[in-house]
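In the numbering used here, the protein residues as written are 1008 to 1130.
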C-alpha cells in the first residue's frame, strides 16, 4: 500500500508540473517551419512513446511547409525510443537491454553527416 501511495503521489506531482502541462500542449510544427538547416529525423520502428507513423510524416510536412528541402526522415527497424535493438519497444524492456545505442543509428548518423557536409542529402 505504501508503494502504491508513493507512486500515486509521484504521478499527481507530474500531472501538476509546469513542464508536463507544456509538454501536453506544445505543438512543434510552428518551430519546425522555421528550421532552415539540414535535418535528419530518426524514429525507432518499435518506439511505443513516439509513434513513427505519426511523428515522421508530421516532421517532414512541417519542415516542408517552411520551405526546408534538406530533410532526411527515416524509420529504423527493430529499434525502440532509445534507439536500442528490442523485442517489443515497451518501456519495461529498457532496463533489460544492454545495448546503449544501435550500431545502425551510428552508421546512419555518420553517413548523413558525411553526405550533408559534402553537399548532398542521402535520403
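We put the CB at the ideal spot given by N, CA and C, even for glycine.
Check, Outcome
"Residue burial classification, residue 1032 (beta-carbon count within 10 angstroms, cutoff 16)", "exposed"
"Residue 1124 burial status per 10 Å Cβ neighbour count (16 or more: buried)", "exposed"
"Proximity to residue 1088 [Cα-Cα], best of 1054, 1115, 1030, 1097", "1054"
"Rounded distance between the beta-carbons of residue 1100 and residue 1052, thought under 8 Å", "Wrong, their Cβ atoms sit about 14 Å apart, outside the cutoff."
"Three or more C-beta pairs below 8 Å linking the segment 1090 to 1104 and the segment 1063 to 1074", "no"
"Contact set for residue 1021: own chain, Cβ-Cβ below 6 Å, skip 5 residues either direction", "1027"
"Option in 1114, 1037, 1097, 1070 with minimal Cα separation from residue 1057", "1097"
"Segment limits, alpha helix (DSSP H) that includes residue 1061", "1059 to 1072"
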